[in-house]
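Comments concern the structure below.
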Amino acid sequence: MDTSKAIDHGLMRRVQQDDYDAFEQLVDRYKARLVNIIYRMLNDQNEAEDLVQETFLRVWTHRQDYDFSYCLSTWIYTIALNLAKNELRKRRKFKFFSLLDMSEKGVEIADPKLGPSALGHLLQGAISRLPIRYKEAFMLRDVEQLPYEEVAQILGVPLGTVKSRVNRARAVLKNDLKPKLEQSGALSQGSLVPVRTL
Amino acid sequence: MRCRKARWFLSARCDGTVSERQRARLDTHLSTCAECRREAFYFSEIAALAGRMEKVAVRPDFDLRLRAAIRRVEAGEEKPARRWQFVHVTLRPAFAVVVATVVVVSALSTYWFLSPKAGQVAQRASSAPELTSVPVTLTPVEGLTPEMRRLQEQYLATGQLPENYVVEAVGLDDPTSKKPSPRYVMPTMSTEQVSRKDSY
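Protein sequence lines correspond, in order, to chains X and L.
Taken in order, the first sequence gives residues 1 to 198; the numbers are from the numbering used here.
Taken in order, the second sequence gives residues 199 to 398; the numbers are from the numbering used here.
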């Protein structure tokens, strides 16, 4: 068992004995990661914080149901992603008369000088247009840098499916960003890059 | 290795999950194919960008809000209502157009139904003259009045009817045919009705 997992399990045992300090330590360990991942999915920080709060509320309420044979991170990510997916579905339902998705389009209007933050904005805009299943796989793997095995556990799909979704997400993002990046000249020297530096 | 196969491995190459043999073959291909090398560069750039994405800072009052929410739940109070969706919602152009159309259509229809003109039209429809049928057959039909028989014979002989009777359709199989089929009872209506195109 690695250190992180051991710490999580130690804290969770204390949480199960109603130790609120241990719970706060758990919150500190995960809140930033969760807020960021949900923010990338919803493009709304208020909403992301509300959902993360709801996630921790559920962790606290169902603390006795936690199964120690799984990683705590897997459990927490699963709850958070399910809430985010529900929220996205709800948004899709109300899309007809909602401005919520317009904020996503707003992300696309990035600074044409394409500095590192502008590139990040472009990427964020492109991620927000990905289908949910590709988006969550890409976020967990490439942004959160979780191993494929854990992503598969969180999403509840086979390993091969995760790899395929991440691959497709990268391909979609590449196709989406390529024209903008080429237009700016930022990456137009790609073909000149030596193989060993790739 | 061909370009198509090489591109399949580009994503796996970013993760470092290709085998040594595959990686060697891929690198050989990339050293000769500028287009694939370019694609590989985009893949690695996107992966790098994703890793470097700007982090959002969690608001300082997050812990306080969470503690308050937990206290409320433990006290058995209702869960704090999340911000109402419609706080963020304003009309989108498409929805505004639909709402405007519905409002205009309902206003117009209300006006039309309440206006005296609508009453006049309804009254006129109810006072339309009664229909008159002239049976036209090639064989005699039982129970015809002498007047009807005369009209039928006149139509069969001349193809015409008096002024107040108009042929609407003739022929069972082909209503546009001028020749009546046997056993077909031809309905007619007055010229007034036809000219007004009232319902039959």
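Every residue, glycine too, gets a C-beta built ideally from N, C-alpha and C.
Values in this document were obtained by computation on a predicted structure and should not be read as measured data.
Short Cβ contact (8 Å threshold) for L/Met251 with X/Gln124: Stepping through the second sequence from its first residue, residue 251 of chain L is reached at position 53. Stepping through the first sequence from its first residue, residue 124 of chain X is reached at position 124. Yes, Cβ-Cβ distance for L/Met251 and X/Gln124 is below 8 Å.
Three CB pairs or more closer than 8 Å across the stretch 77-85 of chain X and the stretch 6-13 of chain X: No, the stretch 77-85 of chain X is not in contact with the stretch 6-13 of chain X.
Any beta-carbon of chain X closer than 8 Å to the one on L/Glu252? Start at 1 with the first residue of the second sequence, and residue 252 of chain L comes out as number 54. Yes, L/Glu252 lies at the interface with chain X (some Cβ there is under 8 Å from its Cβ).
Could you name the residues of the same chain whose beta carbon sits closer than 8 Å to that of X/Leu173, not counting the 5 residues immediately before and after it, in chain order? Your numbering for residue 173 of chain X matches position 173 in the first sequence. If we look at X/Leu173 and ignore the five residues flanking it on each side, its Cβ neighbours are Leu123, Ala126, Ile127, Leu130 and Phe138.
8 Å Cβ cutoff, L/Ser217 in contact with chain X: Counted from its first residue, the second sequence places residue 217 of chain L at position 19. Under the Cβ criterion of 8 Å, L/Ser217 is not counted among the residues facing chain X.
Near X/Thr74, what residues of its chain come up, given a Cβ to Cβ distance below 8 Å and the 5 sequence neighbours on each side ignored? Here residue 74 of chain X is taken as the residue at index 74 of the first sequence, counted from 1. Here the set comprises Glu150, Gln153 and Ile154.
Mind checking X/Gln17: buried by the 16 CB within 10 Å criterion, or exposed? If you number the first sequence from 1, residue 17 of chain X lands on position 17. Per the 10 Å Cβ criterion, exposed.
Quick check: what's the CA-CA separation for X/Trp60 versus X/Leu34? Locating residue 60 of chain X in the first sequence gives position 60, where the first residue counts as 1. Locating residue 34 of chain X in the first sequence gives position 34, where the first residue counts as 1. Looking at the two C-alpha atoms, the distance is approximately 16 Å.
Using the C-alpha atoms, what's the distance from L/Val297 back to X/Asp2? For this step, residue 2 of chain X is matched to residue 2 along the first sequence. For this step, residue 297 of chain L is matched to residue 99 along the second sequence. Going from the Cα of X/Asp2 to the Cα of L/Val297 covers about 59 Å.
How would you list, in chain order, the residues of chain C whose beta-carbon sits under 9 Å from the beta-carbon of X/Leu177? Protein chains X and L are contained in the structure displayed, whereas chain C is not.
9 Å Cβ cut-off: residues of chain L touching X/Thr3: Translated into positions along the first sequence, residue 3 of chain X becomes position 3. Here the premise fails: no neighbours, minimum Cβ distance about 22 Å.
Span of the alpha helix (DSSP H) holding L/Cys234? What you label residue 234 of chain L is simply residue 36 of the second sequence in a count that begins at 1. Ala232 to Gly249 is the span of the alpha helix (DSSP H), which, as asked, contains L/Cys234.
Taking the C-alpha atoms as reference points, what is the distance between X/Lys178 and L/Tyr240? Working through the first sequence from its first residue, we reach residue 178 of chain X at position 178. Working through the second sequence from its first residue, we reach residue 240 of chain L at position 42. So the two alpha carbons sit approximately 8 Å from each other.
Coarse secondary structure for X/Cys71, derived from DSSP in three states: Here residue 71 of chain X is taken as the residue at index 71 of the first sequence, counted from 1. Correct three-state label for X/Cys71: coil.
Alpha carbon to alpha carbon, what distance is there between X/Ala169 and X/Asn175? Position 175 of the first sequence holds residue 175 of chain X. Position 169 of the first sequence holds residue 169 of chain X. Distance between the alpha carbons of X/Asn175 and X/Ala169: 10 Å.
What is the rounded straight-line gap between the Cα of X/Asn167 and the Cα of L/Phe293? Walking along the first sequence from the start, residue 167 of chain X turns up at place 167. Walking along the second sequence from the start, residue 293 of chain L turns up at place 95. C-alpha separation (whole angstroms): 37 Å.
Around the C-beta of L/Cys234, are 16 or more other C-beta atoms found within 10 angstroms, so that it is buried, or is it exposed? Taking the first residue of the second sequence as 1, we reach residue 234 of chain L at position 36. With 16 or more Cβ atoms within 10 Å of its Cβ, L/Cys234 is classed as buried.
Nearest to X/Ile7 by alpha carbon, out of X/Leu72, X/Pro158, X/Tyr134 and X/Arg89? Counting from 1 along the first sequence, the entry for residue 7 of chain X is found at position 7. Closest option to X/Ile7, Cα to Cα, is X/Leu72.
What residue range is occupied by the uninterrupted alpha helix (DSSP H) comprising X/Asn46? In the first sequence, counting from the first residue as 1, residue 46 of chain X sits at position 46. Its alpha helix (DSSP H) spans residues Gln45 to Thr61.
Identify which residue in L/Cys201, L/Ala355 and L/Arg221 has its Cα closest to the Cα of L/Ala210. As a first step, residue 210 of chain L is located in the second sequence; it is residue number 12 there, counting from the start. Of L/Cys201, L/Ala355 and L/Arg221, the residue nearest in Cα terms is L/Arg221.
L/Arg257: contacting residues in chain X (beta-carbon distance under 7 Å): The count along the second sequence starts at 1 and reaches residue 257 of chain L at position 59. Result: Glu49.
For chain L, check one thing: does any of its Cβ atoms lie closer than 8 Å to the Cβ of X/Gly10? Mapped onto the first sequence, residue 10 of chain X falls at position 10. No, because no Cβ of chain L sits closer than 8 Å to the Cβ of X/Gly10.
Between L/Gly357 and L/Thr343, what straight-line distance do the alpha-carbon atoms span, to the nearest angstrom? Here residue 357 of chain L refers to the residue found at position 159 when the second sequence is read from its first residue. Here residue 343 of chain L refers to the residue found at position 145 when the second sequence is read from its first residue. Each residue's alpha carbon lies about 20 Å from the other.
Would X/Leu57 and L/Ala204 be called neighbours here (beta carbons separated by less than 8 Å)? Position 57 of the first sequence, counting from 1, holds the residue named residue 57 of chain X. Position 6 of the second sequence, counting from 1, holds the residue named residue 204 of chain L. Their beta carbons are not under 8 Å apart, which means X/Leu57 does not touch L/Ala204 by this criterion.
So what does DSSP say about X/Gln17, is it helix, strand or coil? Locating residue 17 of chain X in the first sequence gives position 17, where the first residue counts as 1. The answer is coil: DSSP assigns X/Gln17 none of H, G, I, E or B.
Cβ-based burial, X/Asn43 [other Cβ within 10 Å; buried from 16]: Position 43 of the first sequence, counting from 1, holds the residue named residue 43 of chain X. Classification for X/Asn43: buried.
Measure the alpha-carbon distance for X/Thr55 versus L/Ser229 and round it to whole angstroms. Position 55 of the first sequence, counted from the first residue, corresponds to residue 55 of chain X. Position 31 of the second sequence, counted from the first residue, corresponds to residue 229 of chain L. When rounded, the distance between both Cα atoms is 48 Å.
Cutoff 7 Å; reference X/Ile144; Cβ partners in own chain excluding five residues on either side: On the first sequence, position 144 is the one that residue 144 of chain X refers to. A small fix is needed here, since residue 144 of chain X is Glu in this sequence, not Ile. Here the set comprises Arg33 and Ile37.
Residue nearest to X/Glu47 in terms of C-alpha spacing, selected from X/Asp21, X/Glu87 and X/Tyr20: By one-based count along the first sequence, residue 47 of chain X stands at place 47. The candidate whose alpha carbon is nearest that of X/Glu47 is X/Glu87.
Take L/Ala245 and list the residues in its own chain whose beta-carbon comes closer than 7 Å to its own, dropping the five residues that flank it on each side. Along the second sequence, one-based indexing puts residue 245 of chain L at 47. Within the same chain, L/Ala245 has close Cβ partners Cys212.
Where does the unbroken alpha helix (DSSP H) through L/Pro344 begin, and where does it stop? Stepping through the second sequence from its first residue, residue 344 of chain L is reached at position 146. Start and end: Pro344 to Thr356.
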